[in-house]
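Heads up: the sequence shown begins at 1 in my numbering, then just goes up one per residue. Where a beta carbon is used, it is the ideal one built from N, C-alpha and C, also for glycine. These notes are about the structure you will find just below.
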Amino acid sequence: MQIKEMHILFNDLFQEVNTSRNRGIQPQEIDLRINVATLDWVQSQLPPLARKDKGEASFEDTGKLYDSIKELKKHKLLSTMIDSESYGTNLRTKSLLPANYMHCINSRSLSYYNCNGITFGSPVIAATTKLIRYVAIPFTNDSVPPSGGYFDKMQLEVTLSTGTVLIYDLSDVTKGGAYLMGILKSNTAKFEVVNAALDYVNKTKTYSTGVGVSVDVELYWEYFGDVYAADSFICVVSNLVGATATSFSVTTRVDATPAIIKTTTNFADYTYTYYTPTNGVSDEYKNRLISSDIVHEELRNPFGKTIYSSPVSIIEGRYIKVYYNSTFYPTQIMMDYIKIPRLVDIDANISSEINPNFHAEIVKLAVLSALADVNAKSYQAKLQEVVTLK
Numbered sequence: 001m002q003i004k005e006m007h008i009l010f011n012d013l014f015q016e017v018n019t020s021r022n023r024g025i026q027p028q029e030i031d032l033r034i035n036v037a038t039l040d041w042v043q044s045q046l047p048p049l050a051r052k053d054k055g056e057a058s059f060e061d062t063g064k065l066y067d068s069i070k071e072l073k074k075h076k077l078l079s080t081m082i083d084s085e086s087y088g089t090n091l092r093t094k095s096l097l098p099a100n101y102m103h104c105i106n107s108r109s110l111s112y113y114n115c116n117g118i119t120f121g122s123p124v125i126a127a128t129t130k131l132i133r134y135v136a137i138p139f140t141n142d143s144v145p146p147s148g149g150y151f152d153k154m155q156l157e158v159t160l161s162t163g164t165v166l167i168y169d170l171s172d173v174t175k176g177g178a179y180l181m182g183i184l185k186s187n188t189a190k191f192e193v194v195n196a197a198l199d200y201v202n203k204t205k206t207y208s209t210g211v212g213v214s215v216d217v218e219l220y221w222e223y224f225g226d227v228y229a230a231d232s233f234i235c236v237v238s239n240l241v242g243a244t245a246t247s248f249s250v251t252t253r254v255d256a257t258p259a260i261i262k263t264t265t266n267f268a269d270y271t272y273t274y275y276t277p278t279n280g281v282s283d284e285y286k287n288r289l290i291s292s293d294i295v296h297e298e299l300r301n302p303f304g305k306t307i308y309s310s311p312v313s314i315i316e317g318r319y320i321k322v323y324y325n326s327t328f329y330p331t332q333i334m335m336d337y338i339k340i341p342r343l344v345d346i347d348a349n350i351s352s353e354i355n356p357n358f359h360a361e362i363v364k365l366a367v368l369s370a371l372a373d374v375n376a377k378s379y380q381a382k383l384q385e386v387v388t389l390k
């Protein structure tokens, strides 16, 4: 169903059990409750081990448990880098998780191997070959504070060395959340603005800007690899072909003032190292994804050690890490994963990407949260209905 239809269902169900409510619910607040309910519902569709370990284990590869959220399944090819935290014989590569990553379904390594031993050579500095550039964008401006202390309109611009400018106008997709921040002044409302911006930029990552010119653009919030920028977006450009990213600018405007603020800054290089092994062959093998609390016991087990045909891997922080040894080295990681669901926004007419067959269930969860907040007498009855649904 479309977002307007979800709103109608929400209001019908809410009024049905709470006809004497003290206040009305703004459309933007309904969006917020539907979005939170969507995240909760998606979490409930993940395998129990994945929920328990917060994504560090995913032992279901048949896909049966993911049928209800198949619209969120994505595939990503990840570059590997040498993990500087490797020690002793526990050598590891690490790969940055996708910006919209939520949960790993499975992963495979494209490994270069030779049972008699491969030749690694000297580590290659990626800044000269696989350049990744990034810039942090503060979401606040103390000199011109908007409602809630955050900008309510933003336009991002990435300038390439070829003169091409990639523009992302976030004004429409974030206006519902910005309105909420003005009336609620809460972190939950900020979640609306941030996630709407992330989804808008990350849904189309690769841009062909001319003959032989392309670039991947991703937007992160606060964390990118080992980079941390509090209360900021982090814009990342990578896989640059035929150009480099030279500068980044953000235009911000606050409805309360006529001022338009444009700040420009240069990108910084995200440097890392990797190997280019020789005297071996390359093939693809499924990773053995293990919970991080038992990985060391597994590596010490003679029958559980990492091998080229079954590399041991973990998800740790914002990386997937693969253990290797002197006989093989993973050069790329192929990951199937569940992305963060797109947020709905009635102002921007953005509807849910979840299968419509499950929209009614999600709306009932949203109504349940609203009833709990207004202390409706029918809360327990509606709760029992939702439990029965599950």
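- In the DSSP assignment, Q43 falls within the unbroken alpha helix (DSSP H) covering 27-45.
- Close CB contacts of C115 within its chain, under the 7 Å cut and outside five residues either way in sequence, are with T327 (chain order).
- With a cutoff of 8 Å on beta-carbon distance, N90 and Y285 are scored as not near each other.
- Per the C-alpha coordinates, the member of A348, V158, Y319, L160 positioned closest to V227 is Y319.
- Counting only runs that start and end inside the region 304-384, the beta strand (DSSP E) elements of at least 3 residues fall at 312-316, 319-324, 328-339.
- Setting aside the 5 residues that flank it on each side, L299 is surrounded in the same chain by N90, K305, T306, V312, Y323, each with a C-beta closer than 8 Å to its C-beta; the list follows chain order.
- Using a Cβ distance threshold of 8 Å, N266 and S238 do not count as a contacting pair.
- Annotation: I30 to F10 spans about 8 Å, alpha carbon to alpha carbon.
- Contact between the region 117-134 and the region 341-348 is absent: fewer than three C-beta pairs spanning the two stretches fall below 8 Å.
- Contact holds between the region 95-102 and the region 189-202, because three or more Cβ pairs, one in each stretch, are under 8 Å apart.
- Residues of the same chain with a CB within less than 8 Å of the CB of I234, apart from the 5 flanking positions on each side, are Y134, V135, A136, I137, L219, Y220, W221, E222, Y223, F224, V227 in chain order.
- About 38 Å separates the CB atoms of I3 and I314; that is not less than 8 Å, and the two are not in contact.
- The beta carbon of D83 sits closer than 7 Å to the beta carbons of R92, T93, K94, K321 from its chain, once the five residues preceding and following it are set aside; these are given in chain order.
- Of the candidates Y66, H103, S68, H103 places its Cα closest to the Cα of K76.
- With a cutoff of 8 Å on beta-carbon distance, V213 and A245 are scored as not near each other.
- In this structure, I69 is the residue among F303, I132, P27, I69 with its C-alpha nearest to the C-alpha of H359.
- With a contact defined as Cβ atoms closer than 8 Å, M6 and I34 qualify at about 6 Å.
- Take I362, set aside five residues on each side of it, and the residues of its chain with a beta-carbon closer than 6 Å to its own are A37, T38, W41, in chain order.
- Counting along the chain, L299 sits inside the alpha helix (DSSP H) bounded by residues 295-300.
- The shortest CA-to-CA distance from P47 to any of I105, I8, K74 is the one to I105.
- Burial check for S282: the Cβ neighbour count within 10 Å stays below 16, so the residue is exposed.
- Sequence-distant partners of E157 (beyond 5 residues in either direction) whose C-beta falls short of 8 Å from its own C-beta, in its chain, are V165, L166, I167, Y168, F248, S249, V250, T251.
- Rounded to whole angstroms, the separation of the alpha carbons of Y329 and Y87 is 16 Å.
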